[in-house]
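J.: Using the working numbering, read the sequence shown as starting at 107 and increasing by one per residue.
C-beta: ideal position from N, C-alpha, C; glycine also.
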Amino acid sequence: MIHESVDGFVLRTDDYKDNNRYLSVLTADKGRITLLAKGSRSLKGEQMAISQPFVYGNFEYYKRGDFNILKGGVCHRSFHGVSEDLTKYYLACYLCELMLEMTDEGEEAYELFRLTLNAMHALEKDLFPLSLIKGAVELRAAALSGYTPDLSGCAFCGKHNADPFYLHVMNGQLICADCLKRIGTHRYAHSDEEVRAAETIVMLSPAVTAAVRYCIDAPLNRLFLFSLEDSTDLTAFARLAQTYILSHLGRGFHSLAFYESLDTPC
Ligand SMILES: [Zn+2]
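Quick look at the structure:
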């Protein structure tokens, strides 16, 4: 029997057949792993403490056939504080759903793991506006998963700064207002259908352009250390980030729908 031990963060728990619980755990080295906590109703002490959502801990398990059976572990930190506020709770759930979607079993996820822990810490401690945290995580997660926009400048004339820029959400290219006027929205978007598809081409003010560039390139431990003074810019930034990730993933999320129903900025 092979015994394993790994640090991880619980993205989701699913109760199964009355007395078992599956844990979806995000780890740095092994990506996402699934652990089975058997007899979850009678789990005691440490095992119970680490079989909860939003827990960062060390998990000890052994492999039996296709299953990883949880043996024990240690809770390093529980971010249960995010559950004290419904808006924060649904945002935390959404970010966890996002990581479930963007990680694979056995594929290292070092940066997504760090990103998730940093986001949970920032959410729990109210360190930054929720829409800033959400947008920064969405953009960085997209970039880490291979959907990196090319933000170096206008894809047509090379201009580094423009007021405004436009971002083609699907091909990740910037285009300046002059080039867009010259080329024409319909030709740039390739088809009428793409133009009609919600927000295929999104306008970026200079402040939003700078914020998006920052989120892609900043060191992970400084990711949230930017601000958008103008609330219009913050809303536009948050909307763009959400549109960008959802368009590339081609799906929505239940927890995001709940979050949005709470009348949040984005
Ligand atoms: Zn241009």
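In this structure, how does DSSP classify LEU229 when only helix, strand and coil are distinguished?
T.: Of the three classes helix, strand and coil, the one that applies to LEU229 here is helix, per DSSP.
J.: Does ligand 1 have a heavy atom nearer than 7 Å to the CB of ASP256?
T.: It does not: the Cβ of ASP256 is nowhere closer than 7 Å to a heavy atom of ligand 1.
J.: Closer than 7 Å to a non-hydrogen atom of ligand 1 - does that hold for the CB of ASP269?
T.: Every heavy atom of ligand 1 is 7 Å or more from the Cβ of ASP269, so no.
J.: Under 8 Å by Cβ, that's how I've got LEU141 and ASN164 pegged, so tell me the actual separation to the nearest angstrom.
T.: With 8 Å as the limit, LEU141 and ASN164 do not qualify as a contact, their Cβ atoms being about 12 Å apart.
J.: Flag this pair as yes or no: are the beta carbons of SER333 and PRO270 separated by less than 8 Å?
T.: No, these two residues do not count as a Cβ contact at 8 Å.
J.: Buried or exposed: where does TYR122 fall if 16 or more other Cβ atoms within 10 Å of its Cβ makes it buried?
T.: Exposed.
J.: Can you tell me the Cα-Cα spacing of LEU132 and CYS260, whole angstroms?
T.: Each residue's Cα considered, the two are about 37 Å apart.
J.: Counting only the same chain and skipping the five closest in sequence on each side, list residues whose C-beta sits under 6 Å from that of VAL116.
T.: Cβ within range, chain order: LEU129, VAL131, PRO159, VAL161.
J.: Consult DSSP for LEU331 and reduce its assignment to one of helix, strand or coil.
T.: Coil, per DSSP.
J.: Quick one: complete alpha helix (DSSP H) runs, 4+ long, within the segment 240-324?
T.: Runs of the alpha helix (DSSP H) inside the segment 240-324: 283-289, 291-294, 298-302, 312-323.
J.: Residues in the same chain with beta-carbon distance under 6 Å from THR215, minus the five sequence neighbours each way, listed in chain order, please.
T.: Inspection of the sequence shows that residue 215 is occupied by Ala rather than by Thr. So the qualifying residues of the chain are GLY137, THR209.
J.: Contact defined as beta carbons within less than 8 Å: I believe LEU59 pairs with ASN224. What is the distance between those atoms, to the nearest angstrom?
T.: Because the chain spans 107 through 372 in this model, residue 59 falls outside it and cannot be assessed.
J.: I want to check one thing, is the minimum distance from the CB of PHE262 to the heavy atoms of ligand 1 below 7 Å?
T.: Yes, Cβ of PHE262 sits closer than 7 Å to a heavy atom of ligand 1.
J.: Starting from ARG118 and walking both ways along the beta strand (DSSP E), at which residues does that stretch end?
T.: Where ARG118 is concerned, the enclosing beta strand (DSSP E) stretches over 109-122.
J.: Helix, strand or coil: which one does DSSP assign to ALA143?
T.: Three-state result, ALA143: strand.
J.: Enumerate in chain order the residues of its own chain whose CB-to-CB distance from TYR272 is below 6 Å, with the five nearest sequence positions on each side excluded.
T.: Excluding sequence neighbours, TYR272 sits near ILE281, LEU286, ILE307, MET309.
J.: May I have the straight-line CA-CA distance separating GLU335 from ALA316, to the nearest angstrom?
T.: In a straight line, the C-alpha of GLU335 is about 13 Å away from that of ALA316.
J.: Taking the straight line between their C-alpha atoms, what separation do you get for ALA198 and LEU362?
T.: Cα-Cα distance, rounded: 10 Å.
J.: Within the present structure, is the beta-carbon of ILE307 separated from the nearest heavy atom of ligand 1 by less than 7 Å?
T.: For ligand 1, not one heavy atom lies less than 7 Å from the Cβ of ILE307.
J.: Report the partner residues of ASN126 according to the DSSP bridge assignment.
T.: BP columns for ASN126 point to TYR122, LYS144.
J.: By Cβ distance, which residues of its chain are closer than 6 Å to ARG183, with the 5 residues on each side in sequence left out?
T.: Cβ neighbours of ARG183 beyond the five flanking positions: TYR162.
J.: With DSSP as the reference, please indicate the residues paired to CYS181 in a beta bridge.
T.: Note: CYS181 sits in a beta bridge opposite GLY163.
J.: How long is the line joining the alpha carbons of GLN279 and GLY212, rounded to whole angstroms?
T.: GLN279 and GLY212: Cα-Cα distance of roughly 32 Å.
J.: If you follow the alpha helix (DSSP H) that ARG360 is in, where does it begin and where does it stop?
T.: Note that residue 360 is His in the sequence shown, not Arg. Where HIS360 is concerned, the enclosing alpha helix (DSSP H) stretches over 360-367.
J.: Roughly how many whole angstroms lie between the Cα atoms of ALA242 and ILE108?
T.: Approximately 39 Å, taken between the alpha carbons.
J.: Assuming ALA248 and PHE330 form a contact by the criterion Cβ under 8 Å, report the distance between their Cβ atoms to the nearest whole angstrom.
T.: Going by Cβ atoms, the distance from ALA248 to PHE330 rounds to 16 Å, so no, they are not a contact pair.
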